[in-house]
Every structure is written in structure tokens, then in C-alpha cells.
Amino acid sequence: MLRYLKILIILTFVTLHCYAQDADLIKPRIAVLYSDLTENYKISNSTNPTDVITTWELFLMQEKVPYKVIYDNDLESGIENDFDILILPSVEIISSNELNELKKFLAAGKSVLCSGSKLFFKDEDAFNYQNLEMLFNLSNVEAVPSSKIGFIHTLIPNHINKFNLNENVILQISAKNQPLMCDIENKNFYKCGNIYSENSITSDKSSLIYGSVGTGRYLWAGFDLNDLTGSTYDLSEYKSLILNAFKWMDNQPDAYIESFTSNMTAPVLVTARYNNLVTDSFIDSLKQSGTFPNFIVDANQILGNESYSKISNSEIILDLTGYVSGSNLATLADIVKNIKDKYDINIKSILVDYNFIASNDLNEIEKIGINNILYYSPVAGLPKINKSGLLLIPYFVINDNADLDNTIKFLNIIPSVDCKKSSQKDLYGKIQLLKDNGHNFTTIDSINNWWKTRSGITTMIKNIKENQFELWLTNKNFVEINDLNIYLDNFNKFNSGVLTISLNNAPVYYYLDDVAKVIVVTLNKISPDSINRIKIQYSLE
Numbered sequence: 034m035l036r037y038l039k040i041l042i043i044l045t046f047v048t049l050h051c052y053a054q055d056a057d058l059i060k061p062r063i064a065v066l067y068s069d070l071t072e073n074y075k076i077s078n079s080t081n082p083t084d085v086i087t088t089w090e091l092f093l094m095q096e097k098v099p100y101k102v103i104y105d106n107d108l109e110s111g112i113e114n115d116f117d118i119l120i121l122p123s124v125e126i127i128s129s130n131e132l133n134e135l136k137k138f139l140a141a142g143k144s145v146l147c148s149g150s151k152l153f154f155k156d157e158d159a160f161n162y163q164n165l166e167m168l169f170n171l172s173n174v175e176a177v178p179s180s181k182i183g184f185i186h187t188l189i190p191n192h193i194n195k196f197n198l199n200e201n202v203i204l205q206i207s208a209k210n211q212p213l214m215c216d217i218e219n220k221n222f223y224k225c226g227n228i229y230s231e232n233s234i235t236s237d238k239s240s241l242i243y244g245s246v247g248t249g250r251y252l253w254a255g256f257d258l259n260d261l262t263g264s265t266y267d268l269s270e271y272k273s274l275i276l277n278a279f280k281w282m283d284n285q286p287d288a289y290i291e292s293f294t295s296n297m298t299a300p301v302l303v304t305a306r307y308n309n310l311v312t313d314s315f316i317d318s319l320k321q322s323g324t325f326p327n328f329i330v331d332a333n334q335i336l337g338n339e340s341y342s343k344i345s346n347s348e349i350i351l352d353l354t355g356y357v358s359g360s361n362l363a364t365l366a367d368i369v370k371n372i373k374d375k376y377d378i379n380i381k382s383i384l385v386d387y388n389f390i391a392s393n394d395l396n397e398i399e400k401i402g403i404n405n406i407l408y409y410s411p412v413a414g415l416p417k418i419n420k421s422g423l424l425l426i427p428y429f430v431i432n433d434n435a436d437l438d439n440t441i442k443f444l445n446i447i448p449s450v451d452c453k454k455s456s457q458k459d460l461y462g463k464i465q466l467l468k469d470n471g472h473n474f475t476t477i478d479s480i481n482n483w484w485k486t487r488s489g490i491t492t493m494i495k496n497i498k499e500n501q502f503e504l505w506l507t508n509k510n511f512v513e514i515n516d517l518n519i520y521l522d523n524f525n526k527f528n529s530g531v532l533t534i535s536l537n538n539a540p541v542y543y544y545l546d547d548v549a550k551v552i553v554v555t556l557n558k559i560s561p562d563s564i565n566r567i568k569i570q571y572s573l574e
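Quick note on our numbering: the sequence shown kicks off at 34 and runs consecutively.
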């Protein structure tokens, strides 16, 4: 009875919602599965299906996303001709016929958003995830250990969020409903983030995966909306990922820019704690290794080492953690002035806790002469430039197995008198391994210059016609741009054999990313202060 009452309430909302929308929204192309099988064969520790469907419907209506609730018999009869996207919210049990229809749905070039579902057969082992593994080509799906109350999951730049992040996001997730995770060594999909455990990010497990099966796309999450237990911000970020996934899954062409140019892919900044063991030879050897070391200096440190003269102002980071808190900008100004007076050094970069940023006027910080603020972060992220031009970078130190995900990471070095004889060799071995794995060592100034340049590059899809459209790339900067990757989305239905991309009638280099189902276009010699009209012609498969 309770189920029908909640459905009646939802239908009332839907009716009002539909009247408020344009007529073309009455026929939704997004389906949400209400699983009667899940309700009838409910597994312990699973979410109530009515609660789940209520949460999803309220979310979709609030975001004005057209949809239709379907049931098991609808899915069994086939839905590939009626919908483009199917949402599976915490679906515990399905039939073999439903599984076959899900395969057909993806084979037809449609998309599945699987959130917190387990897709068991009603008579199979409750911990056998073969249906999920087979449907989405996942590896070693398993439940988060039941001993855990919850866990933390990161979000990273990816195709779904168009390589943009609002913040350095971590999601707090309850383990009550036995959320799932899988191995990420498989190259048939991409991850949206990592599981964060015991103050480190594991590089081999994720509960957020996206990719393609044939010509169909999917986003798989091992947890659902009702499993998020953090702040409202956590929930809004996950909902934002879902809304972006709808755009990634739709049939409309779109374009977005990769975070970094080819020579800055997966950037790494080197920091070294300055002490008396930082010698001339140490500085020279780091620079000769192809890195660009930055030296972290404590606010009360005496800089008496002669080798200090080999370090430029741009290579110094003043560590203010523990010395400047709250809104004590006067203390910061005094410290910077004292260093200038005593050592003739202009401090341009500082390292602080995040609450320092939150509680201070960044415009006032810039007046002190600071250009760059590094702040401690539990996860790697992307830089930001505020209105006054300050660069903010999350300071996240990598472990031995750094992920290649285009966030900014730091390799931190602490010279020690107790170092083993092989420690220097190990350090340079780690540097070479990072290079071999595709990371690029860079400088804070380079990051600053690029991020300001990137903000002056925009894309827009224009003049959409049958079998062709234009990509307008605007470079508002006064410098030429090279090695820029642009992603063209959605090409899963296009015949790549007859696809042509040209700029001023000259062919442009591109290739297909067959996992994300996007075309990657590499552009060079993008003139300063220019609008570049790139023509895309294609035929449907």
C-alpha cells in the first residue's frame, strides 16, 4: 500500500511537471527501471526499491529531465526503439530475458546508467557479479568489505565532466547497502575516480567506471544516490556527474578541450624541503634529471646555506602552515617583508592549509606580492585562477604508482642525513619511471601561464546540418597555440570511414577514442586572436 501511495505522489508531481514543460518533453527518451523482481525478492541490506525510485524521480524532475518509469515486463519486451538512455537504480534482481534485452539495448547504440545495481538472477549466489562483469566488461567486481561503515571516493577530470572539476571532490559513501567496486587494470573502460582508503588513494579499485560496449555507452556506479552520506555538496557533485553523463550519452554533437597540451600531459611538480643537505650538487643533479625543483622553505627558517644563491625566486615556496592562520594577513605581510629585507628574495608562492584560503580575501593576498597559492589537499586536482589572477593549486604528493589522469601531482623530496646510499638512485629511478609512464615534469610558472591561456580558448558547435556541422574554436590569447586536443562527441553512430575534418579546406589530424566513443582532433598553429571554423562531414552507419 505504501508503495502505491508513493507512486501516486510521484505521478502527481509528474503531471504538474509535464504541464510546465514544452510539448516535446512529453515523450521522454530516458527510461528509469522500477524492478518488481527486486521488490519481490528483496535481498538483505538492500535499499527499498520505492525509496530509490522516489529519490531518482524527484532528482530528475527538479533538473527538468524528461523521463518515463518502466517495469520488468517493459524491458523484457524490448525498449531500444523507444528510449536512448536506461537508468538502472539499485536493481538487485533481473531475469535472463531482461539481461538479454540490456545486451540488445547497448548493441543498438543506446546507453545504460547503472547506479548501485547488482543484477543478480533470483536463484544465483548473492555474491556472484558475473552479469555486471559480462554486460559492461568489468573486472573482479566485489562488494566493499562489510566491516566498513563507509568509504571515500574521488572524482577526477574525465570525458563525462569534460575534464572540468568544480573542486577537488571526494564523495562520502555509506557501506550499508554493500556498494561495489572493481579492478581498473582493464583497458576497456575509464575510471571517474578512485577509492580513497587509509589516507591514500588505491590505484587498483574504483566504484565509478565509464566506457562503451559495441556502439553503446555506459556509466557504472557501485553505489546509488541514497548511499551518499556526506554533505549536500557531495550529493550535488554526484548528481552533476549524472547530468553530464546524459549529455555524453545523447546524440547531439559536442566539443570540449583537454586540460593540458601534449607537452604538459599528466603534469608533475617537484618540491624539495630546503635544509642544510640541499647542496650545489643536489640542486644541479635534480635540474639535470629534467625536473624543475621548487624548494619549500619554513617561515622561520634561517637561509644560511650558500647553495641558496642557485635557487631563483620562482623556485621558492614559503610554507606558512602553522605560522599564519585565520585571517592573519598582517603576519603574512610581515614574514614576506622580512625575507625580502634579509635575503633580497621576493616570495611569489606560498603553501597553506585550505582554511587559510577560505578565510582570507585573495585580492589582499595578491597585494602582498603573492602570485601562486598551493594548498594541502587529500586528492589531486586542477588549478584555478581567481578574478585577481592568483593561481591556486591543490598540493597532493604522489606515491610510487602515480595515476595518469591529467590532474596536477607533486613529487616531494626530503633530503635526510639518514638516507641510504641508494636513496638518490631510487629517486632518479622514480623520476624516470614517471617519465616512462607519460608524466611530464613542469614548473609553477608554466602551469600559471597555460591555465590563463586555456581560459582564453573556447569551443562552440555551429551550423548543424544533415551530415555536417562546424566547430568554432576561438583563441582570444595573443599567442599561438599548439598541440591542443579537442574532443568531438557523440560519434558512436557515425561511420568513421567516411568522416572528414578540415580547417580552411586542409585536412586535420584526428583519431577515434574507441573507449569513450569520441573523436580526438589535434590542432596546431592556432593563430592569436582568431576564430577557427573546423568543418566536420560524416555519414551515418
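Here a beta-carbon is modelled for each residue, glycine too, at the ideal position from N, C-alpha and C.
Extent of the continuous alpha helix (DSSP H) to which residue i belongs
| i | result |
| --- | --- |
| V369 | 362-376 |
| I126 | Element bounds for I126: n/a, residue is neither H nor E. |
| M282 | 265-282 |
| S150 | Element bounds for S150: n/a, residue is neither H nor E. |
| P82 | 82-95 |
| D216 | Taken as a continuous stretch (DSSP letters only), D216 belongs to no alpha helix (DSSP H), being part of the beta strand (DSSP E) at 213-216. |
| S479 | 477-487 |
| Y356 | Counting along the chain, Y356 falls outside any alpha helix (DSSP H), and DSSP gives it neither H nor E. |
| A391 | 387-391 |
| E503 | Taken as a continuous stretch (DSSP letters only), E503 belongs to no alpha helix (DSSP H), being part of the beta strand (DSSP E) at 501-508. |
| T71 | 69-73 |
Best match in the options for proximity to residue i [C-alpha to C-alpha]
| i | options | result |
| --- | --- | --- |
| N508 | N515, S563, N419 | S563 |
| N537 | D546, V551, V531, L556 | L556 |
| S410 | N133, I401, N388, K468 | N388 |
| D516 | M297, L261, N284, K143 | M297 |
| F429 | Y408, N419, K420 | Y408 |
| I329 | P82, N346, Y307 | Y307 |
| K238 | I86, S322, I350, C215 | C215 |
| L437 | Q163, K468, S421 | K468 |
| V303 | N210, N482, N432 | N432 |
| K373 | V385, D386, L384, I401 | I401 |
| Y162 | T324, V202, G255, I63 | G255 |
| K485 | P427, S129, K417 | K417 |
Close beta carbons around residue i, own chain, < 8 Å, minus the five adjacent residues each side
| i | result |
| --- | --- |
| Y223 | N191, H192, I242, Y243, G244, V548, A549 |
| T492 | A288, Y289, I290, L504, W505, L506, T507, I519 |
| L198 | L188, I189, P190, G414, L415 |
Other residues of its chain near residue i: CB distance less than 6 Å, five sequence neighbours each side excluded
| i | result |
| --- | --- |
| T88 | L258, N259 |
| A305 | P326, F328, I446 |
| S322 | Y461, I464 |
| A299 | L437, N439, G471, H472 |
| N419 | L395 |
| D478 | S347 |
Exposed unless 16 or more other CB atoms sit within 10 angstroms - verdict on residue i
| i | result |
| --- | --- |
| Y104 | exposed |
| A288 | buried |
| V531 | exposed |
| P540 | exposed |
| M167 | exposed |
| A363 | exposed |
| F511 | exposed |
| Y571 | buried |
| P178 | exposed |
| F458 | It should be pointed out that residue 458 corresponds to Lys in this sequence rather than to Phe. Answer is exposed; the Cβ neighbour count stays below 16. |
| Y271 | buried |
| I59 | Note that I59 scores 37 on pLDDT, short of 50, meaning its location in the model is unreliable; the coordinates nonetheless yield the value given after this. It is exposed - the Cβ of I59 has fewer than 16 other Cβ atoms within 10 Å. |
| R566 | exposed |
| P561 | exposed |
| I497 | exposed |
| Y542 | exposed |
| A140 | exposed |
| Y266 | exposed |
Limits of the beta strand (DSSP E) - the one that residue i falls within
| i | result |
| --- | --- |
| T187 | 183-187 |
| Y543 | 543-546 |
| S556 | The sequence given here places Leu at residue 556; Ser does not occur at that position. Element bounds for L556: 551-556. |
| S563 | 563-570 |
| E175 | 172-176 |
| L517 | 517-522 |
| I316 | Counting along the chain, I316 falls outside any beta strand (DSSP E), though it belongs to the alpha helix (DSSP H) covering 313-321. |
| L252 | 249-254 |
| D331 | 327-331 |
Cβ distance (whole Å) where residue i is taken to contact residue j below 8 Å
| i | j | result |
| --- | --- | --- |
| G226 | I206 | Incorrect: roughly 11 Å between the Cβ atoms, too far for contact. |
| I398 | Q501 | Actually they are not in contact, since the Cβ atoms of I398 and Q501 sit about 49 Å apart, beyond 8 Å. |
| V145 | L119 | 5 Å |
| L70 | K155 | 6 Å |
Same chain, Cβ closer than 7 Å to residue i, five either side skipped, listed in chain order
| i | result |
| --- | --- |
| A332 | L351, D352, L353, Y356, I368 |
| K280 | D287 |
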